[in-house]
Every structure is written in C-alpha cells, then in structure tokens.
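> First residue of the sequence shown? That's 1025 in this note's numbering, and the numbers climb one at a time after it.
Note that the Cβ used here is the ideal one computed from N, Cα and C, for glycine as well.
All values reported here derive from a predicted model rather than from experimental measurement.
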Amino acid sequence: MEKEKSANELLQEQLVFKNEHAALKMTEAELQAAQDFAEGYKKFLDASKTEGDCVETVIAMAKARGYAEFVPGNAYQAGDKVFVQNRGAALMLATIGNGPLEDGLRVIASHVDSPRLDLKPNPLYEDTGIVYLKTHYYGGVRKYQWPTVPLALHGVVYKADGSMVRVTIGEDDNDPQFMITDLLPHLGREQGEKKLSTAFAGEDLNLITGTLPTNDDKLGDKAKFTVLKILHEKYGITEADFHTADLKAVPAYKARDIGLDRSLIGSYGHDDRVCAYASVMAEFAAATPHHTTVTILADKEEVGSAGNTGLDSNFLLYFVEDLCELKGAKPRRVLRATKALSADVNAAYDPNFTSVFEKRNSSLINHGVSVAKYVGSGGKGGTVDASAAYMSFIRTLLDGANVRWQVGELGKIDAGGGGTVAKFLAFLDVDIVDIGVPVLAMHAPYELVSKIDVYMTHRACAAFYV
1025 MEKEKSANEL
1035 LQEQLVFKNE
1045 HAALKMTEAE
1055 LQAAQDFAEG
1065 YKKFLDASKT
1075 EGDCVETVIA
1085 MAKARGYAEF
1095 VPGNAYQAGD
1105 KVFVQNRGAA
1115 LMLATIGNGP
1125 LEDGLRVIAS
1135 HVDSPRLDLK
1145 PNPLYEDTGI
1155 VYLKTHYYGG
1165 VRKYQWPTVP
1175 LALHGVVYKA
1185 DGSMVRVTIG
1195 EDDNDPQFMI
1205 TDLLPHLGRE
1215 QGEKKLSTAF
1225 AGEDLNLITG
1235 TLPTNDDKLG
1245 DKAKFTVLKI
1255 LHEKYGITEA
1265 DFHTADLKAV
1275 PAYKARDIGL
1285 DRSLIGSYGH
1295 DDRVCAYASV
1305 MAEFAAATPH
1315 HTTVTILADK
1325 EEVGSAGNTG
1335 LDSNFLLYFV
1345 EDLCELKGAK
1355 PRRVLRATKA
1365 LSADVNAAYD
1375 PNFTSVFEKR
1385 NSSLINHGVS
1395 VAKYVGSGGK
1405 GGTVDASAAY
1415 MSFIRTLLDG
1425 ANVRWQVGEL
1435 GKIDAGGGGT
1445 VAKFLAFLDV
1455 DIVDIGVPVL
1465 AMHAPYELVS
1475 KIDVYMTHRA
1485 CAAFYV
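1) Between Ser1303 and the rest of its own chain, which residues show a CB-CB distance below 6 Å, the 5 nearest in sequence each way excluded?
2) Quick one: any contact between the region 1177-1190 and the region 1256-1263, if contact means 3 or more CB pairs under 8 Å?
3) With a 10 Å radius around its C-beta and 16 neighbouring C-beta atoms as the bar for buried, classify Leu1220 as buried or exposed.
4) Can you give the beta carbon distance from Ala1372 to Leu1255, rounded, assuming they're within the 8 Å contact cut?
5) Can you find the residues in the same chain that come closer than 8 Å, C-beta to C-beta, to Val1461, ignoring five residues on each side of it along the sequence?
6) Taking Arg1356 as the reference, give the member of Asp1453, Ala1330 and Asn1390 with the closest Cα.
7) Pull up the CB-CB distance for Tyr1162 and Arg1140, whole angstroms please, since I reckon it's below 8 Å.
8) State the DSSP-derived secondary structure class of Leu1321, mapped to helix, strand or coil.
9) So who's on the other strand from Asp1270, going by DSSP bridges?
10) Between Ala1118 and Thr1316, how many whole angstroms is the CB-CB distance? I'm expecting something under 8 Å.
11) Could you check how far apart the C-beta atoms of Leu1157 and Met1203 are, in whole angstroms? I think they sit under 8 Å.
12) With which residues is Tyr1149 paired in a DSSP beta bridge?
13) Do Gly1443 and Pro1313 have their C-beta atoms closer together than 8 Å?
14) In terms of residue numbering, what span does the beta strand (DSSP E) encompassing Lys1105 cover?
15) Quick one: give me the first and last residue of the alpha helix (DSSP H) that Leu1220 is part of.
16) Would you decide whether Leu998 is buried or exposed? Buried here means 16 or more other CB atoms lie within 10 Å of its CB.
17) From what residue to what residue does the alpha helix (DSSP H) around Gln1215 run?
18) How close, in whole Å, do the beta carbons of Ala1273 and Thr1192 come, if the pair is a contact with beta carbons under 8 Å?
19) Is Tyr1292 closer than 8 Å to Pro1469 when the C-beta atoms are compared?
20) Excluding the five sequence neighbours on either side, which residues of its own chain have a C-beta within less than 7 Å of the C-beta of Phe1061, listed in chain order?
21) Within the same chain, show all residues whose beta-carbon is closer than 7 Å to that of Phe1343, passing over the 5 residues directly before and after it, in chain order.
22) Opposite Val1431 in the DSSP bridges: which residues?
23) Per DSSP, what are the beta-bridge partners of Ser1497 in this structure?
24) What first and last residue would you give for the beta strand (DSSP E) that runs through Ala1118?
25) Counting only the same chain and skipping the five closest in sequence on each side, list residues whose C-beta sits under 7 Å from that of Leu1236.
26) Out of Ile1456, Lys1049, Gly1441 and Gly1097, which has the shortest C-alpha to C-alpha gap to Thr1362?
27) Using only CA atoms, which one of Arg1428, Pro1200 and Thr1205 lies nearest to Ala1487?
28) Can you look up Glu1257 in the DSSP assignment and give me helix, strand or coil?
29) Report, in whole angstroms, the separation of the C-beta atoms of Val1012 and Lys1397, which I expect to be a contact under 8 Å.
30) With which residues is Leu1009 paired in a DSSP beta bridge?
31) I'd like to check one pair, His1045 with Asn1426: are the Cβ atoms closer than 8 Å?
32) If you follow the beta strand (DSSP E) that Arg1483 is part of, which residue opens it and which one closes it?
33) Could you check whether Glu1325 and Asp1137 sit closer than 8 Å to each other, using their CB atoms as the reference points?
34) With Asp1206 and Thr1172 assumed to form a contact (beta carbons below 8 Å), what rounded beta-carbon distance in angstroms separates them?
35) With which residues is Glu1093 paired in a DSSP beta bridge?
36) What's the gap between the Cα of Thr1420 and the Cα of Thr1051?
Have a look at this one:
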C-alpha cells in the first residue's frame, strides 16, 4: 500500500512549483491528438518554404473553409470569416465576433519569414567553368551552417513585359538542387583557426548552379550560357529579369520525425511557421467568438519588421480602422480593450550548450507552450514586459483550458537576446505577451521542435479565441 503522506509533504505539493514533462500529465487521447496535429503541420511546412509560399498555402486552406477576401464597406455579421492579403507576403485572417468591437479584439501575431539566402540583383556569373548564383543572407544566419546543405530556389520573376512567373527548383524528387561548397579538411587548417563568425564571409555564400559549357567557340562564358538557356526554356526569363525578381535559396530538406520515439519534428522554418500554423488552425476552429479574432502572419520579422509587409507598418491599424468604420466604433478604444499574443518561438534549453542558458528560467522541450513575460537582451532592451495582471489573465486562461505551459527566457541575461513583433502591437496600446514553441538549433537550416509543444501551442491559441 502507498505510504500515507505527511502534512508537510502535502503542503510541499501545494507550495512548490514543478516544471514537469507534459506527457506525464496527458491522456492517451491527448498524446494521439498531438501526433495527429503534427502530421498536418509537417505537410504545411513542406508546402511553405517562404513567406510567399506560406501566404498562398494559408489562403487556399482558408477559402476551403469559407473565408472570403475582406471588402472595406461591406456589411459583416457575427461568424463571417474574412482574410486580407498584403502584397503576397503577409496575411490577416479574421472571424467576426458576436460582441461589440468596443470589448476589444483577440489578436495572435506570428511571422512567416525565416532566415535564408536571397539572390542578389546581378547574381549569375561563371568562374573557371563553374556557374554560381550570388546571395545576400537574410536574417540571423550563422553563415558556417549553410555550406554543403542541399538548397532549393523559390520565388517570383517579373519579365520585361510585366508578366510574372513562379520559380520552384529543388523540391521535387526529380529536380536538381543547389549547394555552397566548403574546404576539404586537408586544406582547412587556416580556416579552422578562425572564429565561427568569420570562417565564412557573406560574399562566399554562392550557389553552384551548373558546370556544362555550350559547345560553341563563338561564345564567352559557355557554362553560364547553358544555365541561361535552361532558365529561358523553362521559365522564359533572361539575365536582365533577375533585376525584377524575388528569389530565395532555402534548405531542400523535408519535415521528418526525429528520434526513435518520433517525439520531435526536424525541419527548416519552424521559426516561426510553427506558431503560424498553430494560430491559423485555432482561427479556423473559431465559430462565433464573442471577440472578433485577428490572426496575423507577418513578414520581415527576421530583419526588424520593417517595410510595408512587416508589423512596423500600419497594415493592422488600417484593417482595425476598416472594421471600426463598419460598426461605428472608435479604433483607439477598440485597441485599448484588445488582448494579443505575440506567437513566436523561444530557445529551448540545450544540455550541449549550458553556458548560455539559465536553467531555472529556460524553456524545456516537451514541457508545453512557453510563455515569455519579456525577451529582449541585457537590461530587457527592445522588449515588451507583460504586466503581472496580464500574466495572470494568461495563467487563468491556460490552466482553465488544461493547457500544459511553462515560462521561459531567451538565454542568460548577458549571453545575447532577441526581439519579437510584440513591441509593435504594444505601440498600439494593446496588452500583449509572447508565447510559443521551444526550439532546438533555432535559425539553423534544420531545426527541432517537440510535437507535444506544438500541440499545446495550438491549444493555447484555441483557448485564447474562445
């Protein structure tokens, strides 16, 4: 028989917080639901390698569920579902609530851009018979991680006549792929003595694109001509069309289960498409909520959210103004009553790199969705520090929905840090806090997340929209 617990043992259980593995508190049905949710997420990842791909994929998913493009001035009723596309790179989904707008909105903001290599405007050149595409890295790339990785090319090209063609090379099993070379260890002694940050220069991240010359003595750069000929035959583009192109090199890996127990998902782009998918699926499930929901998939977060598709612009504010105009509400009053989540990933504690983590305040894999009261760096620079009252609201919400959650910072105080889109919504006088999935190897070409954490993040988003 189990030994009867003492009064102090019972009191200790009441007083002491334990951050436990979420699986230990989940039913078999919940564990299976996490596995099932992961299957849809993996398919979404493979179809959404860039922000443009992601927006296109989500719009198709939304239309299949009855969403229609928002038309300013149209009358909308409770339960109507609309979307607003921003230049093919950002998106907002909304479900009209049955309560007054003055009660505030429920907003979840994620971003769908990820670190990658963008092609330069004049990218194509030949050197000693090898044809390259020059790149300019985008976001927080650790340059040494990208050589010897199979890469695919995604994006759009506008031709001289103004027509647009979509380019995807390297995802189909029969497609060729691209690669950046590295030195052989026999000649890499000097390189190996350099710092990681300087072992590769940005100008060295050039994609091998071809090596076969066209057999014509009248031509210069014969291998480059072969590449241009292939591109022209397949897409009808010329070298000058690179000037009006938006092409991105991304890892060609597919999303896969990692570990013999299949508990993790390996993929490119978890940051931050994992939170985007979790929030989108919660948005789809919102039927007739009291508060109008707004699910934002933003661009440009990895470079500071600048530009008209990033959240450091007014595209959200203008949408709120359009909603308010329909209902005769004042935008500033609606925003002041609004509650929001900045759904972005957090760094998972990695036992291989303990020196940069503060274990007591780090997010752990498989312990549920991470809630970050603040992120930033140093003395909380560049962050939003959620109030205790708002943290209490989130605590009550998640506990009430039986969502497994934890708190977490982004590493040790002086080890580095980072920001999210939270500050741009806070600027609008909105209450907001960061929540998201803990990630191992964040910003690498292949990142890891826990299926349980992904599912609990979705559950958190769904509870927020009820």
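Per the coordinate set shown:
1) Counting only Cβ-Cβ distances below 6 Å, and skipping sequence neighbours, we find Ile1132, Ser1134, Thr1319, Ala1367 and Cys1485.
2) Touching, per the Cβ criterion.
3) A residue is called buried once 16 or more other Cβ atoms fall within 10 Å of its Cβ, and Leu1220, having fewer, is exposed.
4) 41 Å between Cβ atoms; not a contact.
5) The beta carbon of Val1461 sits closer than 8 Å to those of His1294, Val1298, Cys1299, Ala1302, Val1369, Asn1370, Val1393, Ser1394, Val1473, Ser1474, Asp1477, Val1478 and Thr1481, all from its chain and outside the five residues before and after it, given in chain order.
6) Here the closest residue by C-alpha is Asp1453.
7) Right, the Cβ-Cβ distance comes to about 5 Å (below 8 Å), so this counts as a contact.
8) Of the three classes helix, strand and coil, the one that applies to Leu1321 here is strand, per DSSP.
9) Paired residues: Val1180.
10) For a cut-off of 8 Å, the C-beta gap from Ala1118 to Thr1316 is around 6 Å, short enough to register as a contact.
11) Not really, about 11 Å apart at Cβ, beyond 8 Å.
12) Tyr1156.
13) Against a cut-off of 8 Å, the Cβ pair of Pro1313 and Gly1443 comes out as no contact.
14) DSSP places Lys1105 inside the beta strand (DSSP E), whose first and last residues are Lys1105 to Asn1110.
15) Following the DSSP letters along the chain, one finds Leu1220 inside the alpha helix (DSSP H) bounded by residues Leu1220 to Ala1223.
16) Residue 998 lies beyond the residue range present for the chain, which begins at 1025 and ends at 1490; the question has no answer from this structure.
17) In the DSSP assignment, Gln1215 falls within the alpha helix (DSSP H) that extends over Arg1213 to Gly1216.
18) By a beta-carbon distance limit of 8 Å, Ala1273 does not contact Thr1192. Their separation comes to about 12 Å.
19) Cβ atoms of Pro1469 and Tyr1292: closer than 8 Å.
20) So the list reads Val1478, Tyr1479 and His1482, once near-sequence residues are dropped.
21) By the criterion of a C-beta distance shorter than 7 Å, Phe1343 is surrounded in its chain by Val1108 and Met1116, once the five residues flanking it on both sides are discounted.
22) Bridge partners of Val1431: Val1395.
23) Residue 1497 is absent from the model: the chain starts at 1025 and stops at 1490.
24) Judged by DSSP secondary structure, Ala1118 falls within the beta strand (DSSP E) whose first and last residues are Ala1114 to Thr1119.
25) The residues are Ala1247 and Thr1250.
26) Comparing Cα-Cα distances from Thr1362 to each of Ile1456, Lys1049, Gly1441 and Gly1097, the minimum goes to Ile1456.
27) Nearest option by C-alpha distance: Arg1428.
28) Glu1257 sits in a helix when the DSSP states are folded into three classes.
29) In the structure displayed, the chain extends from 1025 to 1490; residue 1012 sits before or after that span and is not available.
30) In this structure the chain extends from 1025 to 1490, so residue 1009 is not present and cannot be described.
31) No, Cβ-Cβ distance for Asn1426 and His1045 is not below 8 Å.
32) Careful: Arg1483 lies outside any beta strand (DSSP E), inside the alpha helix (DSSP H) at Lys1475 to Tyr1489.
33) Yes; because the gap between Cβ atoms is below 8 Å, this pair is in contact.
34) Rounded to the nearest angstrom, the Cβ distance from Asp1206 to Thr1172 is 5 Å, consistent with a contact under 8 Å.
35) Its beta-bridge partners are Phe1107.
36) Approximately 21 Å between the Cα atoms of the pair.
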